[in-house]
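Using the numbering used here, you'd call the opening residue of the sequence shown number 206 and step up by one each time.
No residue lacks a Cβ here, since even glycine has one placed at the ideal position from N, Cα and C.
No experiment lies behind these values; they were computed from the predicted model shown.
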Amino acid sequence: MKTPGKPTPKKQSPKQQREQAIAALRSGKPPADPLSQLNPRSLAIRVGIPALIVWAIALAIPGVWPKAAAGVLTVIVGGVIVWALRFATRTRAVAQIVQTADSAEARKDAIAKLDTEFKKDDAAATFAKAQLQMQEDPRAALRTLETINLDKVMAPMADEARAQRGMIHLILSETDEARALVDKIDMTRHKEPRIRAMMAAIVGEAWARTGQAGKAVELLETFDPNDEAFAELKPQLLRSRAFAYAWANNTKQMKTTLRSLSALNPQYLSGFVTKKKSPMGVPPRGVHPMLEKEAFEMLMRSGAIPRKMQQVRRG
Numbered sequence: 206m207k208t209p210g211k212p213t214p215k216k217q218s219p220k221q222q223r224e225q226a227i228a229a230l231r232s233g234k235p236p237a238d239p240l241s242q243l244n245p246r247s248l249a250i251r252v253g254i255p256a257l258i259v260w261a262i263a264l265a266i267p268g269v270w271p272k273a274a275a276g277v278l279t280v281i282v283g284g285v286i287v288w289a290l291r292f293a294t295r296t297r298a299v300a301q302i303v304q305t306a307d308s309a310e311a312r313k314d315a316i317a318k319l320d321t322e323f324k325k326d327d328a329a330a331t332f333a334k335a336q337l338q339m340q341e342d343p344r345a346a347l348r349t350l351e352t353i354n355l356d357k358v359m360a361p362m363a364d365e366a367r368a369q370r371g372m373i374h375l376i377l378s379e380t381d382e383a384r385a386l387v388d389k390i391d392m393t394r395h396k397e398p399r400i401r402a403m404m405a406a407i408v409g410e411a412w413a414r415t416g417q418a419g420k421a422v423e424l425l426e427t428f429d430p431n432d433e434a435f436a437e438l439k440p441q442l443l444r445s446r447a448f449a450y451a452w453a454n455n456t457k458q459m460k461t462t463l464r465s466l467s468a469l470n471p472q473y474l475s476g477f478v479t480k481k482k483s484p485m486g487v488p489p490r491g492v493h494p495m496l497e498k499e500a501f502e503m504l505m506r507s508g509a510i511p512r513k514m515q516q517v518r519r520g
């Protein structure tokens, strides 16, 4: 029975609604321009004033060594600035390529540009390539991310690679593989709230689906999904909470979380429906039966799936 005044959801096949739900969970805003925070005037003030102070002290102290030390320090700082500017310039170029890839053909062209215009060990280009591949082939994206040598890149970047790989393993219901990666993430290395929330969602889901539900709940409840700062991550934070509450046997909070997800888009619920209930569902690994039952029933009541397409397989 249709609700008066409420538009009827567009009917989609199980495969379409499954793919849309996964795409939405891994989507996000393009990264901010990395050069926006390297304003020349601001950079000159932040670096120039301390440098002047160092040289003033060095000149005030008799002898050659203070001047030599100040000179060495100046060269080191200058080298760091040049490296940062080059890194930011490359990252901006990568971001511009990704932002134009809004179709299958455009993504193919963007991947070709990333392969030809950047070195194979360029981490920014590798992340971008994997992001584009995720739209078509998560396995290909995983193989691309695995080319990043976690022992050679900076620790925060290694954590981001582990998180992205873990997310793909979770989408594929490869929970043990995801857990092995997220356990090596050190969230204290990350101060930016949005990055911390993204990592918490992935780490929390991996913990919840591999026997550490209590630990997952404790982590995830430190991030408010309704915080405007996490607007783009809200579906992923809620998804992780649903897994955590289910495995922690907190039925009330699990249902509340599922209702919040459904309010955003009922198709998000398909991520909890296994192949036992739908041929296009997810593998059952790490999906709590109670969570699947509630999500499936909510999905049916939402009208997002035509009744004739709701194929149930008896176990």
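Counting other Cβ atoms within 10 Å of its Cβ, W270 stays below 16 and is therefore classed as exposed. Looking from the CA of E423, the closest CA among D432, W412 and L347 belongs to W412. Sixteen is the threshold: since fewer than 16 other Cβ atoms of the shown chains lie within 10 Å of the Cβ of I262, the residue is exposed. Around the beta carbon of S308, fewer than 16 other beta carbons lie within 10 angstroms, which makes this residue exposed.
Pairwise C-beta distances place the segment 312 to 332 in contact with the segment 345 to 357, as three or more of them are shorter than 8 Å. Here T427 carries a coil assignment [DSSP, helix/strand/coil].
The Cβ atoms of L469 and A447 lie no closer than 8 Å to each other. Counting the other CB atoms within 10 Å of its CB gives G476 a total of 16 or more, which places it among the buried residues. In this structure, L504 lies away from M459, with their beta-carbon atoms at least 8 Å apart. In this structure, the CA atom of Q441 is about 6 Å from the CA atom of A406.
Distance from the CA of L319 to the CA of P494, rounded to the nearest whole angstrom, comes to 42 Å. Here DSSP, grouped into helix, strand and coil, assigns V269 to coil. Approximately 5 Å separates the beta-carbon atoms of I390 and R367; this is inside 8 Å, confirming the contact.
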